[in-house]
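A.B. asks: Please find one structure pasted underneath; my questions will follow.
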Amino acid sequence: MQQSVEMTLGHLRVLDAPLEPPTGDPVDAPLTLEDLYRQHRMRLVRLAILLVDEAPTAEDVVQEAFTGLHRHWSGLRDEAAALGYLRTAVVNGSRSVLRRRKTARGYVPPHQANARSAESLAMLTTEHQAVVIALGQLPPRQREVLVLRYYGGMSEAEIAAATGVSRGTVKSSASRALDALQRMLESS
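Residues in the sequence shown are numbered from 45 upward in steps of one, following this note's numbering.
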C-alpha cells in the first residue's frame, strides 16, 4: 500500500510535467525572469495549492515569490539558482500563510475537511482523490516533505534546503507521512 501511495504522488508530478522548451530556442541560453515566469508559474501555483489548499492564496504566494525574485534579480549570482529560490520562496510563503491562518482562526477542529474545487477533484481518479484528501489531513511539515518529494521531484538535500530542516528530519517526516497516509487510505 505504501508503494501505491508513493506511485500516486509521483503520478501527480507526471501529470503536471513542465512543457518542453519551444523549438528553435537554445536550451543553454540564459533564462530571463519572463522565461521563468512563463515556464514555471503554473507549476509553482499547483505546488502552492497542495500546500495551502486554496487556489487564490496559492497564486498570491507565487506572485510574491516572483516579485521578490524581481527585486533581487540584479544581485543574483547564478541564474540557474533562480528556480530554487522560487521554490524556497513558495514553501516559505505557504508556511507564512498557514501561520497567519492558524493565528486568525485560533483552533480549527480536526474533523473539518478542506474543501477542494469540483473541477480539481473531477480531473483525478478515485485513488488520486483519496490520496490528495488524505494529504490535506497531514501535519504541515509532513505534507510539505511529501509534496516537494513526489510532486516537486526534489531530492532530500533539496527539500532540506528549501524547508530549512536537516536531511534526517526530511527522511523521518517522509517516512511518518507515508505511514500516516497508508493508515488513512486503509481505513477509508
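The beta-carbon is built from N, C-alpha and C at its ideal position, and this holds for glycine as well.
Quick caveat, the model's predicted, so the values are computed rather than measured.
1. If we count the other Cβ atoms within 10 Å of its Cβ and call it buried at 16 or more, is T76 buried or exposed?
2. Can you tell me whether S138 is buried or exposed? The criterion is at least 16 other CB atoms within 10 Å of its CB, across all chains shown.
3. Using CA atoms only, rank isn't needed, just tell me which of E200, D79, D97 is closest to A178.
4. Would you mind reading off the limits of the alpha helix (DSSP H) that contains D223?
5. Taking DSSP as the reference, what is the three-state secondary structure of G97?
6. Do V134 and L88 come within 8 Å of each other at the CB atom, strictly closer than that value?
7. Flag this pair as yes or no: are the beta carbons of L91 and V191 separated by less than 8 Å?
8. Measure the C-alpha to C-alpha separation of E202 and S232 and round it to an integer number of angstroms.
9. Give me the Cβ distance between L95 and E188, rounded to the nearest whole Å; I'm assuming they're in contact under 8 Å.
10. Quick one, are the C-beta atoms of A206 and T132 less than 8 Å apart?
11. Could you check what DSSP says for D79 in three-state terms: helix, strand or coil?
12. Between the Cα of A126 and the Cα atoms of M86, L80, E103, R145, which residue gives the shortest distance?
13. Assuming V106 and R82 form a contact by the criterion Cβ under 8 Å, report the distance between their Cβ atoms to the nearest whole angstrom.
14. Can you give me the start and stop residues for the alpha helix (DSSP H) that Q181 sits inside?
15. CB-CB under 6 Å to V214, same chain, minus the five flanking residues each way: which ones, in chain order?
16. So, at 7 Å on beta carbons, what are the nonlocal neighbours of A102 in its own chain, with the 5 sequence-adjacent residues on each side left out?
17. Comparing C-alpha positions only, which one of Q181, G119, R144, H116 sits nearest to A221?
18. Quick check on DSSP: helix, strand or coil for P65?
C.D. replies: Per the coordinate set shown:
1. Reading the sequence shown from its first residue, position 32 is the one you call residue 76. Label assigned to T76: exposed.
2. Here residue 138 refers to the residue found at position 94 of the sequence shown. So S138 ends up on the buried side.
3. As a first step, residue 178 must be located in the sequence shown, where it is residue number 134. It is D97.
4. Translated into the one-based positions of the sequence shown, residue 223 becomes position 179. Start and end: 211-231.
5. Taking the sequence shown and counting its residues from 1, the one referred to as residue 97 is at position 53. Gly is not the amino acid found at residue 97; the sequence shown has Asp there. In the structure shown, D97 falls within a coil segment according to DSSP collapsed to helix, strand and coil.
6. As a position in the sequence shown, residue 88 is number 44, starting the count at 1. As a position in the sequence shown, residue 134 is number 90, starting the count at 1. It is a contact, given that the beta carbons lie within the stated cut-off.
7. Taking the sequence shown and counting its residues from 1, the one referred to as residue 91 is at position 47. Taking the sequence shown and counting its residues from 1, the one referred to as residue 191 is at position 147. The answer is yes: Cβ separation under 8 Å.
8. Translated into positions along the sequence shown, residue 202 becomes position 158. Translated into positions along the sequence shown, residue 232 becomes position 188. Rounded to the nearest angstrom, the two C-alpha atoms are 33 Å apart.
9. Here residue 95 refers to the residue found at position 51 of the sequence shown. Here residue 188 refers to the residue found at position 144 of the sequence shown. The Cβ separation is near 6 Å, so the contact holds.
10. Looking up residue 206 in the sequence shown gives position 162. Looking up residue 132 in the sequence shown gives position 88. The answer is yes: Cβ separation under 8 Å.
11. Along the sequence shown, read from residue 1 onward, the residue named residue 79 stands at position 35. D79 falls in the helix class under three-state DSSP.
12. Here residue 126 refers to the residue found at position 82 when the sequence shown is read from its first residue. For the residues M86, L80, E103, R145, the minimum Cα distance to A126 belongs to L80.
13. Here residue 106 is taken as the residue at index 62 of the sequence shown, counted from 1. Here residue 82 is taken as the residue at index 38 of the sequence shown, counted from 1. V106 to R82, Cβ: 13 Å. No contact.
14. The residue given as residue 181 occupies position 137 in the sequence shown. Looking at the DSSP string, Q181 is not in any alpha helix (DSSP H), and its letter there is neither H nor E.
15. Numbered from 1 along the sequence shown, position 170 holds the residue referred to as residue 214. Excluding sequence neighbours, V214 sits near V189, E200, I203, A204.
16. To locate residue 102, count along the sequence shown from 1; it is residue 58. If we look at A102 and ignore the five residues flanking it on each side, its Cβ neighbours are V89, A92, I93, V96.
17. Taking the first residue of the sequence shown as 1, we reach residue 221 at position 177. For the set Q181, G119, R144, H116, the Cα lying nearest the Cα of A221 is the one of Q181.
18. Translated into positions along the sequence shown, residue 65 becomes position 21. Unreliable positioning characterises P65 in this predicted model, as indicated by a pLDDT of 49, which lies under 50. A coordinate reading is not provided.
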